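Below: the structure, in structure tokens.
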Amino acid sequence: MRPRSPALLVLFAAAAPLFAGGCGTTVSEEDCRAISNNIRETWKSETKDAPREGPMAEKAAGVIRSEGEKLAADFASECRNKLVGQEISGKELECLKGAKSLAELRACSKPR
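Counting from 1, position 108 in the sequence shown corresponds to residue 103 in the working numbering; the numbering is continuous, with no gaps.
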């Protein structure tokens, strides 16, 4: 088993309470894909300001892109393995699917 990304652990830990005994919508594989895709797009958006010039720019861009793909793929896998079939409120599910920043993604899991 490969080590987990610290960002994934934070995101998954933040999202896990949402799925613990909620009521409303049952999480599907499609929900996991949609959230994972949103994580990927949010990551791209948040990292677009990374340096684009200099000797390390190309390598840094590759690492950033790779980490974003890994974060999204790891979340999708964890979601399919642990969350499909669990109940969540529709509001929280839509929050995770529609968040436009990493801060918004984290805020989706905060108690209201």
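Every residue gets a Cβ at the ideal spot worked out from N, C-alpha and C, and that includes glycine. Quick caveat: nothing in here was measured; it's all calculated off a predicted structure.
Asked, Found
"Since Glu82 sits in a beta bridge, which residues does DSSP pair it with?", "Thr21"
"Taking 8 Å as the cut-off, decide whether the C-beta atoms of Thr114 and Ser96 are in contact.", "There is simply no residue 114 to check, as the chain begins at -4 and stops at 107 in what is shown."
"For Asp26 and Leu100, I'd like the C-alpha separation in whole angstroms.", "15 Å"
"I believe Ala71 touches Ser31 by the beta-carbon criterion, under 8 Å. Please report the beta-carbon distance rounded to the nearest angstrom.", "4 Å"
"What is the C-beta distance between Gly19 and Glu82, in whole angstroms, given that I count them as a contact (C-beta under 8 Å)?", "6 Å"
"Contact defined as beta carbons within less than 8 Å: I believe Gly63 pairs with Arg35. What is the distance between those atoms, to the nearest angstrom?", "6 Å"
"Please list the terminal residues of the continuous alpha helix (DSSP H) segment that includes Gly57.", "52 to 77"
"Label Val167 either buried or exposed according to how many other C-beta atoms from any shown protein chain fall within 10 Å of its C-beta, with 16 as the threshold for buried.", "Coverage of the chain is limited to positions -4 through 107, which leaves residue 167 absent and any answer about it impossible."
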